[in-house]
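Visitor:
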Amino acid sequence: MIQTRPTRAIRFRGRSFQALALCPEAPLDAWLQEVDAWLERSPGFFGGKPVVLDLTGHDCDATSLSELVQALAARDVRLLGIEGADASLAGAGLPPFLTTGKATPFPEMAPVPAPAPEPPVAQGLIIEAPVRSGQSIVHPDGDVTIIGSIGSGAEVIAGGSIHVYGALRGRALAGAYGNSRARIFCSKLECELLAIDGLYKVADEIGAEWRKKPAMAWLENDTVKIKSFD
Amino acid sequence: MAEVMVVTSGKGGVGKTTSTAALGAALAQAGQNVAVVDFDVGLRNLDLVMGAERRVVYDLINVANGEARLSQALIRDRRIDTLHLLPASQTRDKDALTEEGVKRVIDELRERFDWVICDSPAGIERGAQLAMRYADLAVVIANPEVSSVRDSDRIIGLLDAKTMRAENGETMEKHLLLTRYDAQRAGRGEMLSVEDVLEILSIPLLGIIPESEEVLRASNVGSPVTLNNAQSAPARAYMDAAKRLCGEDVPMIIPSHKKGLLDRLFARRAA
Chain A
0 MIQTRPTRAI RFRGRSFQAL ALCPEAPLDA WLQEVDAWLE RSPGFFGGKP
50 VVLDLTGHDC DATSLSELVQ ALAARDVRLL GIEGADASLA GAGLPPFLTT
100 GKATPFPEMA PVPAPAPEPP VAQGLIIEAP VRSGQSIVHP DGDVTIIGSI
150 GSGAEVIAGG SIHVYGALRG RALAGAYGNS RARIFCSKLE CELLAIDGLY
200 KVADEIGAEW RKKPAMAWLE NDTVKIKSFD
Chain B
0 MAEVMVVTSG KGGVGKTTST AALGAALAQA GQNVAVVDFD VGLRNLDLVM
50 GAERRVVYDL INVANGEARL SQALIRDRRI DTLHLLPASQ TRDKDALTEE
100 GVKRVIDELR ERFDWVICDS PAGIERGAQL AMRYADLAVV IANPEVSSVR
150 DSDRIIGLLD AKTMRAENGE TMEKHLLLTR YDAQRAGRGE MLSVEDVLEI
200 LSIPLLGIIP ESEEVLRASN VGSPVTLNNA QSAPARAYMD AAKRLCGEDV
250 PMIIPSHKKG LLDRLFARRA A
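Going down the list, the protein sequences come from chains A and B.
92 is the number that numbering that gives the first Met the number 0 gives to position 93 of the first sequence; each next residue is one higher, with no gaps.
196 is the number that numbering that gives the first Met the number 0 gives to position 197 of the second sequence; each next residue is one higher, with no gaps.
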C-alpha cells in the first residue's frame, strides 16, 4: 500500500475587511473624556466592533501610545490595528500596524439609504373573452394575451407584446410606450392596423399573402415586418 | 320567474321590431304571458307592427313618470289574450326616460308576466342602454353583412359592460338571431355565411330567419309574422327560435337554396 505523505498546503488569501477607524485628537486627555461622554450616551457602541486606531498627524512616543492603547482597552475598545503611527514604535503588546487603509463608508454608520422605488414588475394581462368592436384595452406595463378575437373596430394597446389566440380584426398596438422589441402574434391576421413602438402598417399595406393566416409582426430597421406561421 | 329579454342590434333596420313582435307572439301562442315594450321613444313602431296603433292612450314614459298606471298603458292583443304591448311615446325623446323610472316599470312587469321583451332603439346611446339595462338575456339581431355584424359586436360589448347583470358580475346570456338570410346570395358569396357571422360574434345561435316577402306583408297589415301566416318560412323560424328560448331542443335548419329548373340544367351541363 502506497502511503502518501500528508502534505497539506497552507493557503493564504488576501482579504479586506471593514473596520471603524478611531481618530484621537490632541490633547488626548480631553479626547478620552469626550469618548467617555460618548460611551455614556451610547453604551456598548464599540462592543465587538473591529476598531483601528488612526494616529495620522499625531506625534506620540512609545509610552504615550502604550498608555492610549491601555486607556482604550479599559473602555472596552478592542483594537484590530494601528494606522498612521511611526513603524519604529511597533512592538510587543501593541496591535499590528496597518498601512493599506482606505476610507469607506462604515455600513452601520452610514445613513440607511431610502429603499429605491422598485421598478414596476411587468405584469401580463390575460383577457379570456373576445374584445368587442368599440372596446379598448390599454395595458402600459406588459404583455396582453387575448383568448378570443379582437373584433373589427376594437383596439388593444400594450406596453409589451400582444398575443391573440383568435382572429385579429381590429387594431393592435404593441410596445406603445417605447418598446421596439415588442411583437404581435395572432392565430388569424385580418387586422385594421398593426403598430409597434409607434410605427404602424394599415390593412392596405399588409399583403394578401399574410391575410387570414397565423402570423407574427415585429420591428426591424424601423419597419413593421410580418411573417406567417403556416 | 319572469325573464326580461332585450332585442337589440346597434344597427337600424335589421329587424329588431319585427323580431320583437314575432318572438313575443310566438311565445304567447305557446301559452306564455308576454309583454312587449317599445323603448324607441320618439320613433315608435312596435304599435304599428302589432296592429295596436289606434288603441294607444298612455305609454312607457307616462308609466315611468308615474302619470299613469301600468294597467292603463298596457294594450292587450286582440288575437292572443296573453300578449300585451307597452307602447313608446312618439312626442317625447329618449331623454324623457330615467333609469329609476325604467327600473320601476320593469319590476312591475316582472310581477305580471312570464316574458318581458324590450324592443331596443338603434344606436348605442341612452335609449339603447336603458332598454338593455335591466335585462336578464339578450337577443342580438344581425343581418349577414359586415356593417351589421360589426355593430352587433359593439352591442355585445355593451351588454357585457353596461347592464345591471354585468355590473353585478353576473353573466349576460346572449343569443344571435340572424335575420334576412338569403341562402342564394350567401351561396354566391354576396353575403356572409352563417359560419362567418358565428365566428365573428362567437355567441350561440338562436335562429336563422330567411329573407321573405312574408315579413313585409305582415308588417304592413299590422300583424306579427307568426300570426299572419304561421306556415310561412320566417314564421316557422321564429316559432322554432321561441321554442329554443323556452329551453326546447329544436334542430337548427340552415336555409338552403332550392335548386330551380335552370340550376338543374346548368348542373347537368357542368357534370
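Don't be surprised by glycine CBs; every beta carbon is placed ideally from N, CA and C.
1) Using C-beta distances below 6 Å, list every residue in its chain close to GLU24 (chain A), excluding the 5 sequence neighbours before and after it, in chain order.
2) Helix, strand or coil for LEU69 (chain B), going by three-state DSSP, please let me know.
3) So, does the CB of ASP195 (chain B) fall closer than 8 Å to a CB anywhere in chain A?
4) One question on the structure: do LEU200 (chain B) and ILE155 (chain B) come within less than 8 Å of each other, judged by their Cβ atoms?
5) Among A:ALA36, A:ARG182, A:THR99, which one has its Cα closest to the Cα of TRP217 (chain A)?
6) So VAL50 (chain A) is in the beta strand (DSSP E); what residue range does that whole segment cover?
7) Which residues in chain B have a C-beta closer than 8 Å to the C-beta of SER135 (chain A)? List them in chain order.
8) Opposite PHE184 (chain A) in the DSSP bridges: which residues?
9) One question on the structure: do LEU69 (chain B) and VAL104 (chain B) come within less than 8 Å of each other, judged by their Cβ atoms?
10) Out of A:THR222, A:ASN220, A:LYS212, which has the shortest C-alpha to C-alpha gap to ASP229 (chain A)?
11) In the DSSP assignment, find the alpha helix (DSSP H) that holds THR19 (chain B) and state where it starts and stops.
12) Please confirm whether ARG153 (chain B) has its beta-carbon closer than 8 Å to some beta-carbon of chain A.
13) Given a cut-off of 8 Å, decide if ARG153 (chain B) and GLY152 (chain A) are closer than it, judged by their beta-carbon atoms.
14) What do you get for ARG14 (chain A), buried or exposed, if any count of 16 or more other CB atoms within 10 angstroms of its CB means buried?
15) Determine which residues share a DSSP beta bridge with ALA160 (chain B) and list them.
16) Give a yes or no on contact between the stretch 20 to 29 of chain B and the stretch 210 to 229 of chain B, applying the rule of three or more CB pairs nearer than 8 Å.
17) At 7 Å on the CB atoms, spell out the chain A contacts of ARG164 (chain B), in chain order.
18) Which residue's Cα is closest to the Cα of GLU98 (chain B): B:GLN183, B:LEU59, B:ASP80?
19) So the alpha helix (DSSP H) ILE105 (chain B) belongs to, where does it begin and stop?
20) My output table needs one value for GLY206 (chain B): the three-state DSSP class, helix, strand or coil.
21) Quick one: which chain A residues come within Cβ less than 8 Å of ARG149 (chain B)?
22) I believe TYR237 (chain B) touches ILE208 (chain B) by the beta-carbon criterion, under 8 Å. Please report the beta-carbon distance rounded to the nearest angstrom.
23) Quick one: what's got a C-beta closer than 7 Å to SER119 (chain B)'s C-beta in the same chain, skipping five residues either side?
24) Can you name the residues of chain B whose CB is closer than 7 Å to the CB of PRO129 (chain A)?
25) Give the straight-line distance between the Cα atoms of LEU85 (chain B) and ASN61 (chain B), rounded to the nearest whole angstrom.
Guide: Working from what's here:
1) If we look at GLU24 (chain A) and ignore the five residues flanking it on each side, its Cβ neighbours are TRP30.
2) The three-state reading of DSSP puts LEU69 (chain B) in helix, counting H, G and I together.
3) Cβ-Cβ to chain A under 8 Å: no for ASP195 (chain B).
4) yes
5) A:ARG182
6) For VAL50 (chain A), the enclosing beta strand (DSSP E) begins and ends at 50 to 53.
7) Correct list: empty, because the minimum Cβ distance to chain B is about 10 Å.
8) A:HIS162, A:MET215
9) Yes; because the gap between Cβ atoms is below 8 Å, this pair is in contact.
10) Minimum Cα distance to ASP229 (chain A) is reached at A:LYS212.
11) 15 to 28
12) yes
13) yes
14) exposed
15) For ALA160 (chain B), which the question treats as bridged, DSSP gives no partner whatsoever.
16) yes
17) Under the 7 Å cutoff, chain A gives no residues; its nearest Cβ is about 15 Å from ARG164 (chain B).
18) B:LEU59
19) 98 to 111
20) strand
21) SER132, GLY150, SER151, GLY152
22) Right, the Cβ-Cβ distance comes to about 7 Å (below 8 Å), so this counts as a contact.
23) VAL5, VAL6, THR7, LYS15, PHE38, ALA127, ALA130, MET131
24) Under the 7 Å cutoff, chain B gives SER201.
25) The straight-line gap from Cα to Cα measures roughly 11 Å.
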